[in-house]
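Trainee: Numbering (the numbering used here), first residue to last: 16 to 124. In this text, a Cβ means the ideal position worked out from N, Cα and C, and glycines have one as well. Here the structure is a predicted model, which means the values were calculated and not measured.
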Amino acid sequence: DHGDIGCFEQRLYRVGKYSTITVDGVHYSVPDRLVGSQVAVKLYSERIVVLYGRDKVAAHARSRRSGDWVIDLMHYLGTFLRKPAALGRSVALQQVHPSVAALYRDHFR
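1. Tell me whether R69 sits in a helix, a strand or coil according to DSSP, three-state version.
2. CA-CA distance, V41 and P113?
3. Taking DSSP as the reference, what is the three-state secondary structure of V30?
4. Would you kindly report the start and end of the unbroken beta strand (DSSP E) that includes A55?
5. Give the range of the alpha helix (DSSP H) segment to which V106 is assigned.
6. Could you pull the start and end residues of the beta strand (DSSP E) that H42 belongs to?
7. Out of I86, Y91, P46, point me to the one whose CA is closest to D70's CA.
8. Name, in chain order, the residues that DSSP records as bridge partners for R62.
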(Lines of atoms letter the chains of each structure in order from A and count residues from 1; the text may use other names and numbers.)
(Lines give C-alpha, C1' and ligand atoms only; values in the text may rest on other atoms or scores of the structure.)
Protein backbone atom coordinates (compact mmCIF):
# COMPACT_ATOMS: atom_id res chain seq x y z
CA ASP A 1 0.00 0.00 0.00
CA HIS A 2 1.23 3.48 -0.79
CA GLY A 3 2.19 5.41 2.32
CA ASP A 4 1.96 2.27 4.43
CA ILE A 5 4.50 2.31 7.22
CA GLY A 6 4.92 -0.87 9.15
CA CYS A 7 6.91 -4.01 9.62
CA PHE A 8 6.36 -6.76 7.11
CA GLU A 9 8.15 -9.70 5.60
CA GLN A 10 8.10 -10.05 1.83
CA ARG A 11 8.09 -13.43 0.09
CA LEU A 12 7.54 -14.69 -3.45
CA TYR A 13 4.88 -17.28 -4.30
CA ARG A 14 3.58 -19.03 -7.39
CA VAL A 15 -0.21 -18.89 -7.88
CA GLY A 16 -1.65 -22.41 -7.94
CA LYS A 17 -4.33 -23.93 -10.16
CA TYR A 18 -7.10 -22.93 -7.72
CA SER A 19 -6.02 -19.29 -7.97
CA THR A 20 -4.52 -19.33 -4.50
CA ILE A 21 -1.19 -18.92 -2.82
CA THR A 22 -0.35 -20.94 0.28
CA VAL A 23 1.27 -18.91 3.05
CA ASP A 24 2.24 -20.83 6.19
CA GLY A 25 -0.35 -23.49 5.39
CA VAL A 26 -3.19 -21.00 4.71
CA HIS A 27 -4.67 -20.67 1.21
CA TYR A 28 -5.39 -17.09 0.07
CA SER A 29 -7.17 -16.24 -3.18
CA VAL A 30 -5.78 -14.00 -5.89
CA PRO A 31 -7.41 -13.01 -9.20
CA ASP A 32 -7.91 -16.08 -11.39
CA ARG A 33 -6.06 -14.46 -14.31
CA LEU A 34 -2.81 -14.91 -12.33
CA VAL A 35 -2.80 -18.74 -12.18
CA GLY A 36 0.78 -19.85 -12.80
CA SER A 37 2.24 -16.38 -12.19
CA GLN A 38 4.71 -15.35 -9.52
CA VAL A 39 3.50 -12.78 -6.99
CA ALA A 40 5.13 -10.93 -4.12
CA VAL A 41 3.42 -11.06 -0.75
CA LYS A 42 3.84 -8.57 2.07
CA LEU A 43 3.15 -10.36 5.34
CA TYR A 44 2.04 -7.99 8.08
CA SER A 45 1.03 -9.21 11.54
CA GLU A 46 -2.72 -8.88 10.84
CA ARG A 47 -2.99 -8.94 7.04
CA ILE A 48 -1.34 -9.90 3.78
CA VAL A 49 -1.01 -7.81 0.63
CA VAL A 50 -0.38 -9.50 -2.73
CA LEU A 51 1.47 -7.67 -5.52
CA TYR A 52 1.78 -8.58 -9.18
CA GLY A 53 4.60 -6.42 -10.42
CA ARG A 54 3.86 -3.07 -8.79
CA ASP A 55 0.08 -3.58 -8.70
CA LYS A 56 -1.77 -4.59 -5.54
CA VAL A 57 -4.01 -7.46 -6.66
CA ALA A 58 -5.28 -8.81 -3.33
CA ALA A 59 -5.41 -8.07 0.38
CA HIS A 60 -6.72 -10.36 3.10
CA ALA A 61 -6.92 -10.51 6.87
CA ARG A 62 -4.16 -12.87 7.94
CA SER A 63 -5.22 -16.25 9.28
CA ARG A 64 -3.05 -18.24 11.66
CA ARG A 65 -4.98 -21.51 11.24
CA SER A 66 -3.15 -23.89 8.94
CA GLY A 67 -5.53 -25.40 6.41
CA ASP A 68 -7.81 -22.32 6.25
CA TRP A 69 -9.05 -20.99 2.92
CA VAL A 70 -9.37 -17.19 2.80
CA ILE A 71 -11.31 -16.47 -0.37
CA ASP A 72 -12.56 -13.34 -2.13
CA LEU A 73 -15.41 -14.22 -4.49
CA MET A 74 -14.41 -11.37 -6.81
CA HIS A 75 -11.13 -13.15 -7.57
CA TYR A 76 -13.05 -15.89 -9.41
CA LEU A 77 -15.30 -13.86 -11.72
CA GLY A 78 -13.45 -14.99 -14.85
CA THR A 79 -13.80 -18.64 -13.84
CA PHE A 80 -17.50 -18.27 -13.02
CA LEU A 81 -18.18 -16.59 -16.36
CA ARG A 82 -16.52 -19.52 -18.17
CA LYS A 83 -17.96 -22.21 -15.85
CA PRO A 84 -21.16 -20.91 -14.19
CA ALA A 85 -21.93 -24.22 -12.46
CA ALA A 86 -18.64 -24.01 -10.55
CA LEU A 87 -19.98 -21.24 -8.32
CA GLY A 88 -22.62 -23.39 -6.64
CA ARG A 89 -20.07 -25.78 -5.14
CA SER A 90 -17.24 -23.31 -4.57
CA VAL A 91 -15.50 -22.45 -1.31
CA ALA A 92 -15.88 -18.84 -2.42
CA LEU A 93 -19.69 -19.02 -2.24
CA GLN A 94 -19.50 -20.69 1.19
CA GLN A 95 -17.56 -17.69 2.53
CA VAL A 96 -19.69 -14.81 1.22
CA HIS A 97 -22.24 -12.88 3.25
CA PRO A 98 -25.46 -14.93 3.64
CA SER A 99 -27.42 -12.37 1.61
CA VAL A 100 -25.14 -12.92 -1.39
CA ALA A 101 -25.46 -16.70 -1.08
CA ALA A 102 -29.26 -16.33 -0.91
CA LEU A 103 -29.23 -14.14 -4.02
CA TYR A 104 -27.33 -16.84 -5.90
CA ARG A 105 -29.57 -19.62 -4.58
CA ASP A 106 -32.80 -17.74 -5.41
CA HIS A 107 -31.89 -16.43 -8.86
CA PHE A 108 -29.07 -18.43 -10.41
CA ARG A 109 -29.64 -22.08 -9.53
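Mentor: So, from the data block:
1. Reduced to three states, the DSSP call for R69 is coil.
2. Approximately 23 Å, taken between the alpha carbons.
3. Reduced to three states, the DSSP call for V30 is coil.
4. Here the beta strand (DSSP E) through A55 covers 53 to 58.
5. Here the alpha helix (DSSP H) through V106 covers 106 to 110.
6. Under the DSSP assignment, H42 falls in the beta strand (DSSP E) whose first and last residues are 41 to 44.
7. Closest option to D70, judged by alpha-carbon separation, among I86, Y91, P46: P46.
8. Looking at the DSSP assignment, R62 forms a beta bridge with A76.
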